[in-house]
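Since the structure comes first, as structure tokens, the remarks are kept for the end.
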Amino acid sequence: MALSGLDIYKLLPKTNCKDCGFATCLAFAMALNQKKVSLDKCPHVTAEAKAALESASQPPIKPVTIGTGARSLEMGNETVMYRHEQKFYHPTGIGFLIEDTESDMAVTDAIANINALKFERVGQAISADLVCIKNSSADSAIFLNHVKKILSSTALNLALSVRDPKTASDAVKVCKEKRPLLICEDPGALDAFINIAKGNGLPLALACHDIDEAVRFIDKAKKSGVEDLLINITSGRVSDRIQAYTFIRRMALKKGVRALGYPILAFTASGTPDMELAEAVSYVDKYAALVIVKNRTKEFILPLLVTRQDIYQDPQKPVQVDPKIYEIGKVTADSPVLVTTNFSITYFTVAGEVESSKVPSYILACDAEGMSVLTAWAADKFTAKTISETLTRTGLAEKVKHKKVIIPGYVSVLSGELEDMSGWKVAVGPKEASGIPNYLRNVK
Amino acid sequence: MKEFKVHFKPHNKSVKVPKGTDVLTAAIKAGVVISAACGGDGLCGKCKVSIGRTTVLACQTLVESDLSVEVPKSSIESHEAKKHESEDFTKGVISEREKALELSPIVRKVYVELSEPTQEDNTDDLERILRAVEARIARARISTRLSNIKHLSEHMRDSAYKVTAVISCEEDSVEMLAVEPGDTTGRLYGFAFDIGTTTVAGQLIDLNSGRILGTRIAFNRQSAYGADIITRIIYASNPKGIETLSAAVLANIADIIDDLSDSCRVNLSFIYAAVLAGNMTMMHLLLKIDPSNIRKAPYIPAATRFGPMNARESGVNINQKGAAFFLPGVSTYVGGDIIAGLLACGLPDKPELALLIDIGTNGEIVLGNSEWMMGAAASAGPAFEGSGLTCGMKAVKGAIQKAEIGPDLRTKVETVWQEAPRGICGSGYIDVLCQLLKRRIIQKDGKINRSIKSDRVRNNGVNFEFVLVPKNESAAGKDIVITEDDIENIKRSKGAIYSAIMSLLNKVGKDISDIKKIYIAGGFGNYLNIENSIHIGLLPDIDRAVYEFIGNSSLAGARMVLLSRDLAARAEAVRKNVTYLDLSGESNYMDEYVASLFFPHTDMGRFPSVQS
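Just so you know, the protein sequences line up as chains H and C, in that order.
Residue numbering for the first sequence follows my numbering, starting at 5 and increasing by one per position.
Residue numbering for the second sequence follows my numbering, starting at 120 and increasing by one per position.
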């Protein structure tokens with residue numbers, strides 16, 4: 005069972021010696037609790053406390069890695085049910101299913117397609133992570149051939165989904181350097197699969213009928229010394245699986261159930277592309293660490309990647325809009341100019357009110373490191389100097405005839421200095437964005 | 120440069136200033152307090168004065184001839200009014216702890232009768248006195264400054280080697296501050312100060328008896344350069360800005376010292392100790408330490424403890440050889456005033472889980488016990504100090520501090536000193552809001568119920584407002600009202616404090632019901648209605664017996680440190696054991712905050728007694 009920050013504190017020396025780099029033992033305990041620091045930073049901890057803390061500080065969801073190097077896929081080690089509680093650490097891996105019943109040509113095409121699925125959104129590169137090769141043919145030679153082909157043509161991580169242990173063993177020999185995920189399709193062959201995973205140090209997943217079976221699988225694998233495990237539930241409808249995955253996550257985090265503290269592997273089962281997309285998105289949202297999909301088209305994969313990016317965004321980092329001039333409505337050279345910061349919530353609030361005023365206007369979003377108006381002002385990021393520089397940098401003078409800007413009422417204190425510094429006339433707008441429509445309509 | 124004389128009425132004070140000085144600066148020089156919340160930028164319009172028949176803004180008007188300036192009542196921050204209010208609490212935890220305190224002031228006097236030197240007994244004068252004192256106080260080496268040695272021989276011979284040594288013990292250093300001829304042990308005094316962003320409070324203490332001789336409270340004169348600390352930090356970056364701000368608060372301190380020592384007939388030269396508690400920005404500004412990084416991420420001050428230093432270095436005008444002791448703090452937002460508060464209420468000495476809430480411009484909160492403490496600051500804003508609200512004022516005479524609203528919406532108010540009402544102070548706003556909620560004049564979201572037909576409820580052109588005191592009954596020359604904007608403002612303040620309490624509890628995995636004691640300190644003068652504070656959702660809805668209002672705990676803590684060397688030493692240990700939690704890094708703080716923007720809360724299950 006996980007310890008609270010205070011429980012951890014009670015096991016520490018409580019000397020506030022600062023040798024760990026934290027101001028107090030309690031601050032260190034809180035950081036330990038949030039897994040922001042490791043216990044070895046404390047040189048004074050007793051062996052007894054260390055043992056107690058180490059067993060307690062094991063992550064509630066085991067970290068598991070597929071692949072090696074920079075492109076490896078890290079999963080697990082999540083600490084919260086909801087993103088806003090802290091953050092999600094590892095974005096769900098997205099993998100493509102390729103069956104070995106597909107022709108050589110089809111596989112060549114598929115891999116070329118998959119390799120091309122790379123996008124850029126809000127300055128970040130987003131792409132899929134893995135190719136899962138399924139031995140649908142039940143033929144060992146065909147499977148091996150496909151594995152070799154895919155191995156040589158993509159840098160993505162691999163998963164091998166197989167029923168027969170001999171086939172699995174042969175395929176592993178070819179690609180074990182890539183540390184692929186081994187998926188056992190036949191519970192009856194589990195022992196053999198455990199041996200392959202153990203012998204090659206590979207992560208292992210078992211297609212389980214339900215949670216009870218998953219618990220037995222985990223128990224068996226752990227007893228045999230295989231710890232890098234993924235849980236996969238195959239039965240039921242989509243809603244049943246979402247429920248099962250939520251239950252697994254909750255048990256691991258809230259009840260400290262070690263037997264369910266492993267990352268989740270999900271396969272989509274829906275027939276139509278629309279339904280498959282909805283299903284995949286649901287698994288990204290509800291707790292899959294790796295989702296394997298059938299569809300490889302651009303229009304399918306882009307929304308899935310975008311959703312993943314949104315959900316796994318760190319909520320503690322403010323989302324920013326580009327610091328630049330925005331035009332709201334049919335602006336002319338006489339339209340008013342409102343100045344605000346580039347914190348997205350601030351910007352969109354202001355933009356929304358300007359739209360509802362029906363007065364075409366320019367909004368100058370200044371770079372304030374994503375802080376809101378008063379916060380940025382207090383932190384010296386939204387000052388006469390920064391606004392003045394933004395005015396110059398964005399070339400606003402070329403867009404409007406007048407030389408007048410409207411600043412938020414809360415920073416009225418900047419007006420004099422801003423006029424002096426920029427040479428623009430400064431009008432003080434309302435304090436709250438809700439006052440903007442009235443202001444724009446009545447003040448000329 | 121040419122100088123002109125500026126005369127201020129009704130204060131009847133004059134000052135000579137160079138041509139081109141603005142009237143606000145002249146007023147500050149003359150010791151005339153004019154409120155100017157914006158710091159003299161010509162924005163707030165509060166520093167209106169009359170020159171002849173013209174009304175002008177003092178900060179925007181330059182002196183170009185001799186002038187007579189009439190300061191209207193509305194511009195005077197009535198610091199005289201608050202002068203004689205005492206903040207001494209004669210019952211409760213602080214008083215009990217003070218009684219139990221073993222008197223051992225941080226500065227003491229030791230009278231020694233020394234044998235005169237001879238050719239055989241040839242020890243020098245300094246060694247002679249130090250040895251005798253060391254024997255008496257059983258402490259290690261005593262140091263002293265050159266200035267004390269210069270005239271030592273003279274003093275000792277004049278007084279036939281019967282002298283009094285003034286000794287300070289601070290942390291590990293023992294210093295002989297001065298040598299006085301003869302036995303002066305009966306006369307030893309000290310000052311305790313709380314240096315707040317808005318208020319400065321000082322007390323003169325007889326260090327031989329521990330008795331409080333007098334208390335004075337004044338508005339921090341730095342307010343003329345900005346109401347909040349951010350504006351002041353910005354002001355400090357101007358050329359000479361920090362000198363001006365330091366001089367302003369030192370003038371406050373000097374006034375309190377002069378006034379109290381005069382009225383208590385205590386000679387300044389016998390005042391050898393001053394203990395000061397204040398927030399980190401106030402300490403930086405007073406000591407002229409650059410405060411600019413306090414407002415920039417990651418918000419690291421230059422120092423959190425200062426000294427030891429003598430009075431001369433600090434600028435405090437007690438005996439210049441005396442000791443000035445600044446209570447150490449934890450971080451930028453948990454300062455020496457909170458450490459003083461902790462020492463005063465004794466939270467760090469008891470095993471039971473307790474909470475100290477100091478409600479000021481920042482709501483500072485410390486949760487913990489003798490084993491651990493965690494502190495946080497919530498930017499509550501100055502609403503509970505009566506600032507930033509339409510008819511807000513501080514808890515000085517004429518401020519409404521209690522209110523009742525009848526079923527017919529007629530109102531009955533009680534003011535400080537029973538004077539005609541001039542405005543509403545923090546505790547008054549809490550009462551008024553509570554009554555408005557009970558009479559369903561405002562809804563739980565803080566909006567005024569539009570369907571009420573009454574001359575008390577009206578649309579003011581921007582939003583709705585409630586008339587608490589009509590013009591003909593008010594001394595403000597206008598209706599005293601509470602507007603929807605005011606209510607919104609208070610809602611945010613109370614939400615910030617309540618959610619900080621909840622976040623802190625959440626951080627350490629404790630429940631509000633685990634808390635055995637809650638000490639409420641700060642900004643309300645001497646009165647705070649706990650019941651009403653719970654009703655509006657400022658404080659958690661738990662057993663009322665858990666709560667204790669302790670007034671200005673910062674001043675009380677400073678006084679107790681002045682009187683106890685053990686407590687002075689304890690300050691450092693307490694400070695080191697407080698862990699600072701930056702709420703802005705806590706993801707659930709924002710959830711808690713948003714959830715609390717309702718009267719009393721969006722989750723009524725948390726306020727069962729309000730529900731019924």
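All C-beta atoms in this analysis are idealised placements derived from N, C-alpha and C, irrespective of residue type, glycine included.
Asked                                                                                                                                                                          : Found
In whole angstroms, what separates the C-alpha of H:L16 from that of C:M492?                                                                                                   : 15 Å
What in chain H is Cβ-close to C:I349, meaning under 7 Å?                                                                                                                      : A382
Can the beta-carbon of C:E538 be found closer than 9 Å to that of C:A522?                                                                                                      : no
What residues from chain H crowd round C:V775, counting only those whose CB sits closer than 9 Å?                                                                              : Given that chain C is displayed from residue 120 to residue 731, the structure contains no residue 775 of chain C and the question cannot be resolved.
Can the beta-carbon of C:L271 be found less than 9 Å from the beta-carbon of C:I286?                                                                                           : no
Put C:E432 into one of helix, strand or coil per three-state DSSP.                                                                                                             : helix
Could you tell me whether the Cβ of C:V449 comes closer than 9 Å to any Cβ of chain H?                                                                                         : yes
Quick check: what's the CA-CA separation for C:K202 versus C:Y666?                                                                                                             : Confidence at C:K202 is low in this model, with a pLDDT of 38, below 50, so its placement is unreliable and the value that follows should be read with caution. Cα to Cα, the separation comes out at about 28 Å.
Return the residue from the list H:Q128, H:R262, H:I187 and H:S286 that minimises the CA-CA distance to H:R245.                                                                : H:S286
Alpha carbon to alpha carbon, how far is C:R575 from C:I213? Give it in angstroms, no decimals.                                                                                : 42 Å
Tell me which residues of the region 474-502 of chain C have at least one Cβ-Cβ distance to chain H shorter than 7 Å, keeping chain order.                                     : W491 and M493
Using a Cβ-Cβ distance under 9 Å, would C:S612 count as near chain H?                                                                                                          : no
For H:K435, which residues from the same chain have a beta carbon less than 6 Å from its beta carbon, with the 5 sequence-adjacent residues on both sides left out?            : G413 and Y414
Have a look at the DSSP bridge pairing and note the partners of C:M493.                                                                                                        : C:L486 and C:T698
Would you give the residue range spanned by the beta strand (DSSP E) that H:G99 belongs to?                                                                                    : G97 to E103
So which residues of chain C does H:E82 contact, with C-beta pairs closer than 9 Å?                                                                                            : Neighbours of H:E82 on chain C: none; closest Cβ ~15 Å, over 9 Å.
Apart from the five residues on each side of it in sequence, which residues of its chain come closer than 6 Å, Cβ to Cβ, to C:A430?                                            : I437, Q439, G441 and A443
Are the beta-carbon atoms belonging to C:A396 and C:L446 less than 9 Å from one another?                                                                                       : yes
In this structure, does DSSP put C:L528 in helix, strand or coil?                                                                                                              : coil
Examine chain H for any beta-carbon lying closer than 9 Å to the beta-carbon of C:L704, and answer yes or no.                                                                  : Note that residue 704 of chain C corresponds to Gly in the displayed sequence, not to Leu. For C:G704, the answer is yes, since a Cβ of chain H falls inside 9 Å of its Cβ.
Please state the DSSP three-state secondary structure of C:M401.                                                                                                               : helix
On a CA-only basis, which of C:I560, C:L404 and C:V693 is nearest C:K469? Give me that one, please.                                                                            : C:V693
Determine whether the beta carbon atoms of C:Y617 and C:S715 lie at a separation below 9 Å.                                                                                    : yes
Using the beta-carbon count (16 or more within 10 Å), is H:T394 buried or exposed?                                                                                             : buried
Residues of chain C with CB under 8 Å from H:N20, in chain order?                                                                                                              : K695 and N696
Does DSSP put C:H654 in a helix, in a strand, or in coil?                                                                                                                      : helix
Just to confirm before moving on: does the CB-CB distance between C:I655 and C:P719 stay below 9 Å?                                                                            : yes
Just to confirm the assignment, what range does the alpha helix (DSSP H) spanning H:K177 have?                                                                                 : P169 to C179
Please confirm if the region 133-146 of chain H is in contact with the region 99-108 of chain H, defined as three or more CB-CB distances below 8 Å between the two stretches. : yes
Please state whether the Cβ-Cβ distance between H:R167 and H:A142 is less than 9 Å.                                                                                            : yes
Let me know the secondary structure DSSP gives C:R247 once reduced to three states.                                                                                            : helix
Please determine if the region 43-53 of chain H and the region 71-78 of chain H are in contact, where contact requires at least 3 C-beta pairs separated by less than 8 Å.     : no
Determine the extent of the alpha helix (DSSP H) in which C:N608 is found, giving its start and end residues.                                                                  : E603 to K626
Could you spell out where the alpha helix (DSSP H) holding H:R245 opens and where it closes?                                                                                   : V242 to K258
C:Y699 touches chain H at which residues, Cβ-Cβ below 8 Å?                                                                                                                     : A27 and A31
Would you report the Cα separation of C:E471 and C:I637, rounded to the nearest angstrom?                                                                                      : 11 Å
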